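The structure appears below as structure tokens.
This is the structure we're talking about:
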């Protein structure tokens, strides 16, 4: 069966075949394969996605989360994604040939952005803070779509395992300085898990992938339409949405920058994002969450250092490495970002305390 015929057959499980004209690949997603469905009249009508079930191993749990979140948002009059059921089973996905597919309505007049600036960072902060606030009273208990995704204790455990199993003495020796730096602060960097176990830090429903391109904007007005890429929406500490954005957006160099002297923490991006985020999360953010936001800004480059280095010692099986030392270079760059963020913690605290 040709790929076109296969895509047509899968799509016709969700909508009548008479509504399907052409199916074209859309975007360059790193996780899921995405296609746009065009009607016989030439209008974009739906988006078809193949779910990466190697990353999201519990597809039923994943789609339960997405269904619960989108229904809750629609009840509040919030624009959100709309997934269609398989007409024969009623499920929000189709399984065929060991693959999992879903179909959602195409949102017209929409566009995503990739530009990181103080202005866009403020919008992202407001938008994802609002997203958390809107889901604060969701009645369903959501699944962990990627278990221990942002669990620092678990990530350090993976590094310890990779270090113990590593038989490449050259890589071990090269990593020694980074490993020593990680080990020196590992106790303080698991603060979130400790506060969670003591009952002082609540789990929220978080997006867990807070990038500017995970928001759709109106082509006409430039206004925010809705949050997209809901696969990682799950219970987590607010550190996830806050810290993960700043790890990427506040970095002054790419995450794999070989020259670590170019890697710094951009306080202008921090201030813009933080003011928007705190404004939107006022209805629920607790004092302990607010006072530990600077910690979150240091946590995520540290966590990414751990993840890159673990993969380097493990033989580069998880992150795509473009050259033999790529994951080591990534780890060094992220640790440089972590150290510069730590140097700005007092300034971050002062700025947060100045906000209403």
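In my numbering, the protein residues as written are 83 to 438. Backbone N, C-alpha and C fix where the C-beta goes; we use that ideal spot for every residue, glycine too. Just so we're clear, the structure is a prediction, and the values are computed from it rather than from any experiment.
Asked	Found
The segment 217-224 / the segment 318-330 touching (three or more Cβ pairs under 8 Å)	no
For residue 403, three-class secondary structure by DSSP	coil
Cβ-based neighbour list, residue 311, same chain, cut-off 7 Å, excluding 5 preceding and 5 following	291, 296
Presumed contact (8 Å Cβ cut-off) between residue 93 and residue 144, rounded CB distance	Actually they are not in contact, since the Cβ atoms of residue 93 and residue 144 sit about 20 Å apart, beyond 8 Å.
N- and C-terminal bounds of the beta strand (DSSP E) containing residue 307	306-309
Whole-angstrom C-beta distance between residue 347 and residue 422, which should lie under 8 Å	4 Å
Residue 360 versus residue 388 - alpha carbon distance	28 Å
Counted within 10 angstroms of its Cβ, other Cβ atoms place residue 309 as buried (16 or more) or exposed	buried
Where residue 345 sits in the DSSP three-state scheme	coil
Reduced DSSP secondary structure (H/G/I, E/B, other) of residue 141	helix
Residue 128 burial status per 10 Å Cβ neighbour count (16 or more: buried)	buried
Reference residue 91; option with closest CA among 150, 184, 138, 408	184
Distance, residue 351 Cα to residue 345 Cα	14 Å
Alpha carbon of residue 235 to alpha carbon of residue 190, nearest angstrom	42 Å
CB-CB length for residue 294 against residue 151, believed under 8 Å	So it is not a contact: roughly 20 Å between Cβ atoms.
Other residues of its chain near residue 274: CB distance less than 6 Å, five sequence neighbours each side excluded	319, 321
Identified DSSP bridge partners for residue 105	119
Same chain only: Cβ atoms within 7 Å of residue 173, ignoring 5 sequence neighbours per side	167
Same chain, Cβ closer than 6 Å to residue 104, neighbours up to 5 away in sequence not counted	120
4-residue-minimum alpha helix (DSSP H) runs that sit fully inside the segment 352-387, ordered along the chain	369-373
Expected contact under 8 Å - CB spacing of residue 186 and residue 165 to nearest Å	5 Å
DSSP-derived helix/strand/coil call for residue 200	helix
Span of the alpha helix (DSSP H) around residue 88	85-93
The segment 248-260 touching the segment 272-287, judged by at least three CB pairs closer than 8 Å	no
Buried/exposed call for residue 441, threshold 16 Cβ in 10 Å	A query on residue 441 cannot be resolved here, the shown segment of the chain reaching from 83 to 438 and no further.
Proximity winner among 179, 263, 248, relative to residue 420 (alpha-carbon distances)	263
Nearest-angstrom beta carbon gap, residue 381 and residue 271 [assumed within contact, 8 Å]	6 Å
Residue 220 (DSSP reduced to helix, strand or coil)	coil
Cβ pair residue 210, residue 289 closer than 8 Å	yes
Separation of residue 230 from residue 161, as counted between CA atoms	29 Å
Assigned secondary structure, residue 97 (DSSP; H/G/I helix, E/B strand, else coil)	coil
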